[in-house]
Structure formats: structure tokens, C-alpha cells
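Peer 1: Questions regarding the structure given below will be posed in turn.
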Amino acid sequence: MRHVREHTLDGTHGPVAVREWPHPAPRYLALVVHGYGEHAGRYEELAAVLTGHGAAVYGPDHVGHGRSGGERVRIEDFEDVVTDVHAVADLARAAHPGAPLVLVGHSMGGLIAARYAQRYGAELSALILSGPVIGAWELPGRLLALPEIPDTPVSPAALSRDPSVGAAYAADPLVWHGPMKRPTLEAFVRTLRAVEQGGDIGPLPLLWLHGDDDRLVPLSGSRTGVERLAGSRLTERIFAGARHEVFHETDRKEVFAELIRFLDRSLPR
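Right, here's the structure in full:
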């Protein structure tokens with residue numbers, strides 16, 4: 001494992017644990033925004049790719065996730081999570097003044113990153129969304145219509161065609177393996193609507209990565225949200241046969257290469 005620094009910030013709802021994968025002289029900063037039920041520590045390989053490309057990488061665990069405080073997977077308001085992520089950006093910029101900032105959001109983290117770009121887009125140099133919860137995501141509405149949320153955890157097999165990814169996820173004590181919670185589902189619905197109504201991101205470069213066999217966040221639903229969010233500089237790459245976690249897929253070297261090409265085009269020289 002690469003050297004990792006640990007930080008703790010005062011978040012909107014308690015302590016927020018932050019991982020930093022440092023770089024001695026970074027050309028840019030990358031902020032990784034993880035998905036539902038998981039934590040930033042699952043992005044070690046992505047962080048290695050980004051630090052190898054010249055980035056200092058930071059990844060918070062959201063409230064109720066990983067090593068951060070709060071009731072497990074309970075998020076009352078995603079606007080507060082966006083505020084927490086912005087505090088992590090402030091931490092990174094204080095350490096490396098003037099470095100361009102890139103935001104990478106996966107799944108639920110894609111929703112958070114999209115809202116961040118609407119609120120703080122002028123501070124960003126690029127936005128990357130991987131399997132983002134954006135647009136027409138039907139799961140929250142279906143679950144909220146039930147009298148009781150079923151105890152149906154995320155299937156590890158839905159993450160990647162690489163069985164080791166699902167096995168590691170299932171064995172990870174920092175991953176939530178229980179049911180979704182009603183306040184979090186209600187927050188999803190509100191924030192999906194907020195992003196829909198929040199306008200596009202103008203000239204900010206946006207890279208959208210998605211697997212065409214993503215059964216957790218289907219491609220067709222995300223497309224409507226991405227196309228509404230994107231301004232004038234959208235790059236889309238859909239990976240045949242890939243499931244939900246393209247950064248953990250069997251063809252992830254191709255995914256990482258696409259990411260690096262996008263950053264080389266988008267970052268100031």
C-alpha cells in the first residue's frame with residue numbers, strides 16, 4: 001500500500017475522516033468522492049494512477065460512512081455532504097496553493113460531485129463522473145413506496161466482472177452491508193431534483209464513464225441527467241460489458257487510460 005496520510009475535519013455532522021495520497025510537488029489536486037455504503041479507502045488503485053500522473057489525491061469518508069462519524073449510511077441532506085467535500089478541497093488547496101482541482105465522483109459520489117460543480121464549479125478545472133446517480137434513478141422511489149425498507153444489501157457481483165472485487169467488498173468491515181435508510185432515500189430524491197433544476201456547468205470539462213451492464217445505476221437513467229448537467233465540454237465513454245464500478249473492472253487499465261487522456265486535454269498546461 002502506498003503512503004497515506006490521515007486527516008480529520010470538523011464536518012457539518014461530526015468528524016470527517018480524510019485520506020491523502022500525497023505527492024511531493026503536485027501539478028494538480030484530485031478529490032475522490034466515494035459512493036453509497038463504501039469509503040475512500042477502496043480507491044487505492046485509482047489514487048496510485050492519479051499520483052503517478054502528478055496529482056495529490058484526497059478522499060473523504062462521508063458522514064455515516066467508513067471512518068467518519070454519524071449513524072451508518074444515514075444522510076439527512078446531501079447539501080451538507082457537498083459542504084463537507086468543499087472543506088476537504090479547502091484542506092488540499094491550503095497545502096498546495098494555486099494547484100488546479102479535479103473532482104472524481106462515483107455513483108452516489110457522482111450525485112454529490114454534480115451538485116458540488118453546480119455550487120462551486122468556478123473552483124474546478126475538471127469533473128469526472130463514474131456510474132453517477134443522476135437523472136432518472138428509480139430505486140429510491142420504489143423503496144420509499146414500501147411500508148418497510150427491505151434488508152437487501154448491494155450484491156457484490158453487481159460491482160465488477162472481477163470476482164476478487166466483490167469478495168473484498170463483502171469482507172470489508174468499513175463497508176455497510178445492511179439495508180438502506182428512509183432519510184437517506186428521501187435525501188436522494190431531493191438532491192436528484194436539485195441537480196435537475198440546478199442548471200448546467202457551462203465550460204467545465206466533464207468526463208462521463210459508465211458500464212453498459214450497470215444494473216445498480218442503469219446507463220439510460222444516468223444519461224438524461226448527464227446531458228442536462230453537461231455544458232459545452234462533455235466527453236462520454238461507455239464500456240461494453242462493464243458493471244457498476246468501472247475503476248475496479250477487468251478492463252480498468254483502459255478506463256484509467258481514458259481518464260488520463262481527458263486530464264491531459266483538460267488541465268491547464
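Residues 1 to 269, numbered by UniProt numbering, are exactly what the sequence shown covers, in order.
All C-beta atoms in this analysis are idealised placements derived from N, C-alpha and C, irrespective of residue type, glycine included.
For Glu20, which beta-bridge partners are listed by DSSP?
Peer 2: Paired residues: Arg5, Tyr58.
Peer 1: According to the neighbour-count rule (16 or more other Cβ atoms, all chains shown, within 10 Å of its Cβ), is Leu159 buried or exposed?
Peer 2: The residue in question, Leu159, is buried, as its Cβ has 16 or more Cβ neighbours within 10 Å.
Peer 1: Does Glu258 come out as helix, strand or coil in the three-state DSSP assignment?
Peer 2: Reduced to three states, the DSSP call for Glu258 is helix.
Peer 1: Would Gly231 and Asp200 be called neighbours here (beta carbons separated by less than 8 Å)?
Peer 2: It is a contact, given that the beta carbons lie within the stated cut-off.
Peer 1: Run through the DSSP bridge pairs and tell me what His177 is partnered with.
Peer 2: Per DSSP, none; premise fails for His177.
Peer 1: Sorted by chain position, which residues of the same chain lie with C-beta nearer than 7 Å to Val81's C-beta, five sequence neighbours on each side aside?
Peer 2: Same-chain partners within the cutoff: His62, Val63, Ile75, Ile112.
Peer 1: Express the C-alpha separation of Val246 and Pro163 in angstroms, rounding to a whole number.
Peer 2: If I take the Cα positions, the gap works out to 14 Å.
Peer 1: State the Cα-Cα distance for the pair Val255 and Gly41, rounded to the nearest angstrom.
Peer 2: Approximately 19 Å between the Cα atoms of the pair.
Peer 1: Going along the chain, which residues of its own chain have a beta-carbon closer than 6 Å to the beta-carbon of Arg237, five neighbours each way excluded?
Peer 2: Only Leu209, Glu258 meet the Cβ criterion.
Peer 1: Going by CA-CA distance only, name the one from Ala136, Leu263, Asp172 that's closest to Glu227.
Peer 2: The shortest Cα separation from Glu227 among Ala136, Leu263, Asp172 belongs to Ala136.
Peer 1: Is the beta carbon of Val85 closer than 8 Å to that of Val33?
Peer 2: Yes, the pair counts as a contact, with Cβ atoms nearer than the cut-off.
Peer 1: Helix, strand or coil for Tyr43? Go by DSSP, reduced to three states.
Peer 2: Helix, per DSSP.
Peer 1: In terms of residues, what are the limits of the beta strand (DSSP E) holding Phe239?
Peer 2: Counting along the chain, the beta strand (DSSP E) containing Phe239 begins and ends at 234-239.
Peer 1: Within 10 angstroms of the Cβ of Ala171, are there 16 or more other Cβ atoms? Answer buried if so, exposed if not.
Peer 2: Exposed is the call here.
Peer 1: When we look at the beta-carbon of Arg19 and count the other beta-carbons within 10 Å, is it buried (16 or more) or exposed?
Peer 2: Burial call: buried.
Peer 1: Identify every residue that forms a DSSP beta bridge with Trp208.
Peer 2: DSSP lists Leu129, Glu236 as partners of Trp208.
Peer 1: Does DSSP put residue 338 in a helix, in a strand, or in coil?
Peer 2: The chain is shown only over 1 to 269; residue 338 falls outside these bounds and no answer can be derived.
Peer 1: Let me know the secondary structure DSSP gives Pro15 once reduced to three states.
Peer 2: Pro15 falls in the strand class under three-state DSSP.
Peer 1: Rounded to whole angstroms, what is the Cα-Cα separation between His96 and Pro24?
Peer 2: Roughly 10 Å separates the two Cα atoms.
Peer 1: Between the Cα of Pro203 and those of Gln197, Arg233, Phe188, spot the shortest distance and give me the residue it belongs to.
Peer 2: Nearest C-alpha to Pro203: Arg233.
Peer 1: Closest to Pro183 by C-alpha separation, out of Gly54, Glu148, Leu101, Gln118, would be which residue?
Peer 2: Selected option, being the one with the closest Cα: Glu148.
Peer 1: Whose CA, out of His7, Thr250, Ile260, lies closest to the CA of Ala157?
Peer 2: Nearest option by C-alpha distance: Thr250.
Peer 1: Go through its chain and collect everything with a Cβ distance to Leu174's Cβ below 6 Å, but skip five positions before and after it.
Peer 2: Closer than 6 Å at the Cβ level, and outside the excluded window around Leu174, lie His39, Gly66.
Peer 1: Considering Cα atoms alone, identify which of Glu79, Gly69, Val49 is closest to Ala187.
Peer 2: The option with the nearest alpha carbon to Ala187 is Glu79.
Peer 1: Considering only their Cβ atoms, is the gap separating Ser266 from Pro218 smaller than 8 Å?
Peer 2: Result no, Cβ atoms of Pro218 and Ser266 do not sit closer than 8 Å.
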